[in-house]
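Chemist:
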Amino acid sequence: RRGVVLALPALPLPALADVIRLQQAPLPKEYRDSLVPAASALKEALEAEESVGDAFIGEEAEKTLSGLEQKAGQLIQKYGERYMSERGLRPDDPLRDNQAYFLMEDAVNIFEVAVKTDQLPKARAKLI
Numbered sequence: 012r013r014g015v016v017l018a019l020p021a022l023p024l025p026a027l028a029d030v031i032r033l034q035q036a037p038l039p040k041e042y043r044d045s046l047v048p049a050a051s052a053l054k055e056a057l058e059a060e061e062s063v064g065d066a067f068i069g070e071e072a073e074k075t076l077s078g079l080e081q082k083a084g085q086l087i088q089k090y091g092e093r094y095m096s097e098r099g100l101r102p103d104d105p106l107r108d109n110q111a112y113f114l115m116e117d118a119v120n121i122f123e124v125a126v127k128t129d130q131l132p133k134a135r136a137k138l139i
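Below you can see the structure in the form of structure tokens.
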């Protein structure tokens, strides 16, 4: 059985720590102001749906849940049009290299596929 040898660069310890540590550039304000409400609304709507489950809910609760879903849908659509569509970011935009962008892109894609394939209950745990 062979072992795997990991060769780390010969750097002073503080520099090596910077190489190993994941660093994330601050988000541009405009992007953050779009990302946070969209992600929060999606999470809030999914958590509300999960808490209801398959139980019967009254008209008022249904109205509240529907409002949460509509708000999340609108914010996700707006986010997708601005940042994920062909008309959105330039291919070389540095934001595309940001971890927050990748995570949100992944969440939006999972959500869209789950809705289209009627698999939202299964995907909900990943998204929340």
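According to the working numbering, the stretch in the sequence shown is residues 12 to 139, in order.
Even for Gly, the Cβ is constructed at its ideal location relative to N, Cα and C.
(1) Is the Cβ-Cβ distance between residue 90 and residue 131 less than 8 Å?
(2) Between 59, 65, 113, which has its C-alpha nearest residue 139's C-alpha?
(3) With DSSP collapsed to three states, give me the class of residue 93.
(4) Below 8 Å on the Cβ atoms is my guess for residue 99 versus residue 92; work out the distance and round it to an integer in Å.
(5) Taking 8 Å as the cut-off, does the segment 48-58 touch the segment 114-126 (at least 3 CB pairs, one atom from each stretch)?
(6) With H, G and I counted as helix, E and B as strand and the rest as coil, what does DSSP make of residue 111?
(7) Do residue 38 and residue 135 have their C-beta atoms closer together than 8 Å?
(8) Please report how far the alpha carbon of residue 121 lies from the alpha carbon of residue 127, in whole angstroms.
Modeler: Straight from the coordinates:
(1) no
(2) 59
(3) helix
(4) 7 Å
(5) yes
(6) helix
(7) no
(8) 10 Å
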